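For the sequence shown, counting from 1, position 175 maps to 174 in numbering that gives the first Met the number 0; every step adds exactly one. For every residue, glycine included, the Cβ atom is placed at its ideal position computed from N, Cα and C. Model, not experiment: these values are computed from the prediction.
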Amino acid sequence: MTMTGVRDGYVVAKRNLIKIKRVPDLLVFTTIQPIMFVLLFAYVFGGAIAPEDGGAAYREFLIAGIFAQTVVFGATITGAGLADDIKKGIIDRFRSLPMSSSAVLVGRTLSDVVNNVLVLIVMGLTGLVVGWRIRTSVLEALLGFALLLVFAFAISWIMAWIGMLVPTPEVVNNAAFIVIFPLTFVANTFVPIETLPGPLQTFAEWNPVSAVTQAARDLFGNPNPDPNAPEPTSWALQNPELYTILWTVLVLAVFVPLATWQYKRSASR
0 MTMTGVRDGY VVAKRNLIKI KRVPDLLVFT TIQPIMFVLL FAYVFGGAIA
50 PEDGGAAYRE FLIAGIFAQT VVFGATITGA GLADDIKKGI IDRFRSLPMS
100 SSAVLVGRTL SDVVNNVLVL IVMGLTGLVV GWRIRTSVLE ALLGFALLLV
150 FAFAISWIMA WIGMLVPTPE VVNNAAFIVI FPLTFVANTF VPIETLPGPL
200 QTFAEWNPVS AVTQAARDLF GNPNPDPNAP EPTSWALQNP ELYTILWTVL
250 VLAVFVPLAT WQYKRSASR
């Protein structure tokens, strides 16, 4: 991307962030759901999953999974925002301006990374309240958060492509929910993988959401609440950081060109 494209992308990102400032409900409702998940899973299920310590170990195990689920679901904002802009004719106006064709998509996805940063801060504070602690160094913790954000950035490009294919923001949300919900639940986000039945366990072991969750847990120092749990047998969970990066690169390599191509074809509906 040229310097002009970078500058145009910055302007579009600023426009999207100002929208959040003017409509704070967007940020409020984005954070309410994961906070509810933390409280429900930590206190409703935590004692049953790890009763020996009242669920304290499970709460540490849980938070990285909540982080992963939150940033993946947060990527749907990208698709819904683009679908809304197309519906209102704003994309047509952008296309008529002397600006980089990739600036709208870059600005949209980068602004949603900033939104995810704010959400992770809120989630981290909530986690500290329920007993979550980072047991590693500051650098390792920052790497854990960075992996979560980079993975979410890649998912945002998938949502950007979908957002320019479907007719309304509501359809984006419904379509994304159908795909993202099983991806985030058939994983190690909320329960250890060894508790899943055979076929689901195999899927979860190679699920990229499991990898980014495992990478975050390793970097935060939050182990499996069961001290007798077996070590992961799949290559993906033995090397979760590398597997997450490989998936991120693959998704970006496929969906950045696809989303850019679809943007050039998009018109108001």
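If the five residues before and after Arg-107 are omitted, its C-beta is found closer than 7 angstroms to the C-beta atoms of Val-11, Asn-15, Thr-77, Gly-80, Leu-81 and Ala-159, all from its own chain and listed in chain order.
Counting along the chain, Leu-218 sits inside the alpha helix (DSSP H) bounded by residues 207 to 219. Annotation: the continuous alpha helix (DSSP H) that includes Ser-155 extends over 137 to 162. The stretch 61 to 68 and the stretch 209 to 219 touch, with three or more beta-carbon pairs separated by less than 8 angstroms.
Membership of Met-122 in the alpha helix (DSSP H) is indicated by the continuous run 102 to 129. Annotation: the continuous alpha helix (DSSP H) that includes Arg-58 extends over 55 to 73. Counting other Cβ atoms within 10 Å of its Cβ, Pro-97 stays below 16 and is therefore classed as exposed. Segment contact: the stretch 179 to 189 against the stretch 83 to 99, fewer than three CB-CB distances shorter than 8 angstroms; contact not assigned.
Just measuring C-alpha positions, the residue of Phe-40, Leu-199 and Thr-194 sitting nearest Val-185 is Leu-199.
Looking from the CA of Glu-204, the closest CA among Asn-238, Leu-141 and Arg-92 belongs to Asn-238.
Taken atom to atom, the span from the alpha-carbon of Lys-13 to that of Gly-162 is near 20 angstroms. The alpha carbon of Asn-227 has as its nearest neighbour, out of Ile-120, Leu-257 and Pro-191, the alpha carbon of Pro-191. In this structure, Phe-254 keeps its C-beta atom at 7 angstroms or more from the C-beta atom of Ile-154.
Judged by DSSP in its simplified three-state form, Val-165 adopts coil rather than helix or strand.
The beta carbons of Val-105 and Phe-93 sit no closer together than 7 angstroms. Taking one beta carbon from each stretch, the stretch 119 to 130 and the stretch 81 to 91 have fewer than 3 pairs nearer than 8 angstroms; the two do not touch. Beyond the five residues adjoining it in sequence on each side, Pro-33 comes within less than 6 angstroms, by CB distance, of Ile-65, Thr-69 and Met-122 in the same chain, given in chain order.
The beta carbon of Asn-172 lies closer than 7 angstroms to those of Thr-75 and Ala-79 in the same chain, with the five residues before and after it left out. Excluding its 5 nearest sequence neighbours in each direction, Ala-151 has C-beta neighbours in its own chain below 6 angstroms: Val-70, Ala-74 and Asn-115, listed in chain order. With fewer than 16 other Cβ atoms from the protein chains shown falling within 10 Å of its own Cβ, Glu-230 counts as exposed.
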